[in-house]
Amino acid sequence: MPGTDRDQHGVSRDSGRDPRLPHRACFGPEPGQPGNLTAVSNPDQATLTQPGLPRPTRVRPTPLADLARRLGVPDPGGDTAVTGITHDSRAVRPGDLYTALPGARFHGADFTAQAAAAGAAAVLTDPAGADRAAATGLPVLTVADPRSQMGALAAAVYDEPGEALLQIGITGTSGKTTTAYLVEGGLRAATGSGTGLVGTVETRIGEERIKSERTTPEATDLQALFAVMRERGVGSVVMEVSSHALVLGRVDGAVFDVAVFTNLSPEHMEFHTGMEDYFQAKAQLFTPRRSRLGVVNLDDEYGRRLVAEASVPLVTFSAQGRLDADWRAEDVEADLMGSTFTVIGPKGERLRATAPLPGPFNIANTLAAITALAAAGLDPQSAAEGVAAVPGVPGRLERVDAGQPYLAVVDYAHKTDAVESVLRALRTTTRGRIHAVLGCGGDRDTTKRGPMGAALARLADTAVLTSDNPRSEDPLAILSAMLAGAAEVPAGQRAHVVVEPDRAAAVAAAVAAAEPGDIVLVAGKGHEQGQDIAGEVRPFDDREVLRAAIEKDRKAS
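Add 486 to a position in the sequence shown, counting from 1, and you land on the number used in my numbering.
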């Protein structure tokens, strides 16, 4: 990614100066006083274990000769057997096959001695790393592209753990996380057994919760997770599948029983060459190599294209009530807390469903979850009841209540379509004003900054432009692009625009502007617990910063 190098361990090495954050620039009346960058903890940290994924405790050793045969490479000889596999030399355990991959600045083979000292039994690498790996004395398997082999080998080492699980994978630009939580709720209700969840916020194995480092784990970690789930009696798992995961082979070795497509809009353009490349990456999930059955949103233009191009059987859904969809929503009743609607199935099924989060997009997410669960062979009514009982999704229209006379919410919306959807949904719930805070991430897609600034200025009443995760970029350069977009909105249609680089001060400014019946929205970071500035990740949780700002404002008034 631009401005970022990653070594073999996946550690980002960002360069850039530590920016000096100036005071807020206001366009219109002064709404409040600037604050300081606030370091806060997240209450969820008490229930989440430390980062790092577990391994199964009981693994039958796999002869290295068997893995060599799978790869079609010479048997290195000896009686070596492996009981695990990892791509990270720091995570090597005794008996592991260490996969030494080429990196942006280093080759994994440079860390083979470290892996050997930790007990690695053998090495898988490419020709460029073979000699360095062999210098340790460990047996070496050499293939042209070791990354492409990791998933299948990990599945073999852990005895195909995914086959013991009902696997549901969800891809799309927006809605993956919410839909995954809703599916998990439906799985709990409809199966009555333990469930697993793998996604942006966390990984769950039954009741154990582990903070996620990325949306989709690397293939070696994912197969180990599946093995742990099987070992602990988990019968089903739902996971988010990012386009990065599909391109980089992170779900290699997994075949999903049901794959879900939510929607597609511009995102990750720093990674993909354009929308066609982005679509083709997502479409990989709907091939026999990746899934057995697809569930597709017929309301989305790319969903309709996928219906024509997918090579697996498909089931379609429409929150807009399209009659050509297999499952559709009708009789929608919406309020501030969520929506209720009737689900019509392909065989005339009729069931009353509840979207536990507000907004039309959450009707779509709820219908996607119910359709996926029905497609998996579960009872739709039981599934719908489980979906309705989901208490909320971290950082997705998450309410913050500190006794204030207005609604305050935090949302992960960090792309133009998502920002627009959230603001439109909130607009339907109030006659008051909306005071919204938003930033754009550094070292990421630069093309969305202007459109996001424009969306905020067009759809909010107070648009506070601020920092997100600047990373190695100058926060003011990012804000300049957002402000340029906001300036394109005609003056008569434009919100009161505030530019405040300090995110905590920006939140305080929005809170200071709020009156009874209004809405304060803090968007972009959602569940995240840190802010990345010049390579330093500082503790920062929008939910706690918003709560603190409300409490301070109430004491002052």
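The beta-carbon is built from N, C-alpha and C at its ideal position, and this holds for glycine as well.
Where residue i falls, given that 16 or more other Cβ within 10 Å makes a residue buried
i     : result
M968  : buried
G521  : Since pLDDT at G521 reaches only 26, below the 50 mark, its modelled position is unreliable, and no value is offered.
H679  : In the sequence as displayed, the identity of residue 679 is Ser instead of His. Exposed: under 16 other Cβ atoms inside 10 Å.
E835  : exposed
Q979  : exposed
L809  : exposed
E1030 : buried
R885  : exposed
L864  : buried
M725  : buried
A970  : exposed
M938  : buried
D582  : buried
R576  : exposed
L822  : exposed
P956  : buried
V1023 : exposed
Segment limits, beta strand (DSSP E) that includes residue i
i     : result
D1064 : Nothing about residue 1064 can be reported from this structure: the residues present for the chain run from 487 to 1043 only.
M636  : Premise fails: M636 lies in the alpha helix (DSSP H), R633 to V643, not in any beta strand (DSSP E).
G570  : G570 to T572
Y892  : Taken as a continuous stretch (DSSP letters only), Y892 belongs to no beta strand (DSSP E), as it is neither H nor E.
Nearest candidate by alpha-carbon position, reference residue i, set the options
i     : options                    : result
H982  : A1009, R944 and L962       : R944
A861  : A621, W813 and D786        : W813
R716  : E704, P703 and I691        : I691
G674  : K662, M636, A638 and G721  : Residue identity check: residue 674 is Arg in the sequence provided, not Gly. For R674, the nearest C-alpha among the options comes from G721.
A805  : S777, M755 and I856        : I856
T659  : V879, D786, G824 and A999  : D786
A839  : L587, A815 and E670        : A815
A870  : R541, G672 and V568        : G672
L837  : F847, D738, T826 and P846  : T826
T677  : D574, V746, L843 and L859  : L859
G1012 : G831, L909, L883 and D929  : L883
P1002 : L965, G1016 and R1040      : R1040
A940  : R910, A972, D960 and R957  : A972
T566  : V626, V829, L539 and T585  : V626
A666  : F747, E1037, A595 and H593 : F747
A811  : R775, V793, P542 and L734  : V793
G831  : I849, G824, F847 and T802  : T802
Residues of its chain near residue i, where Cβ-Cβ distance is below 6 Å and the 5 sequence neighbours each way are ignored
i     : result
A796  : F772 and G780
V1008 : V896, V923, V993, D1028 and L1032
D931  : M755 and E756
P647  : F712, A713 and R716
P799  : L779
T902  : K934, P937, M938 and A941
R736  : T702, E704 and A705
P588  : none
T681  : E670, L673, R674 and S722
P505  : With a pLDDT of 30 at P505, under the threshold of 50, the predicted position of this residue should be treated as unreliable, though the coordinate-derived value follows. Hits under 6 Å: D960 and P961.
V684  : M725
Cβ neighbours of residue i in the same chain (closer than 8 Å, five flanking residues each side left out)
i     : result
I1005 : Y892, L893, A894, V895, L912, T915, T916, G918, R919, I920 and H921
G807  : R814, A815 and E816
Residue i beta carbon near the ligand MN (any heavy atom closer than 7 Å)
i    : result
V829 : This structure does not include the ligand MN; it has no bound ligands of any sort.
First and last residue of the uninterrupted alpha helix (DSSP H) at residue i
i    : result
T598 : T598 to A603
S907 : T902 to R913
S729 : S729 to V733
Own chain residues within Cβ distance below 7 Å of residue i, not counting five before or after
i    : result
L668 : N851, T852, A855, V873 and V876
L965 : L951, V985 and P987
Give a yes or no on contact between the region 769-782 and the region 740-747, applying the rule of three or more CB pairs nearer than 8 Å. The way I'd put it, the region 769-782 does touch the region 740-747; three or more beta-carbon pairs between them come closer than 8 Å.
Quick test of the definition: if touching needs 3 or more C-beta pairs under 8 Å, does the region 695-709 touch the region 602-619? With a cut-off of 8 Å, the region 602-619 and the region 695-709 do not count as touching, because too few Cβ pairs lie within range.
Spell out a yes or no on whether the region 686-701 and the region 619-637 are touching, meaning 3 or more CB-CB pairs, one atom from each, closer than 8 Å. Verdict: no, contact absent.
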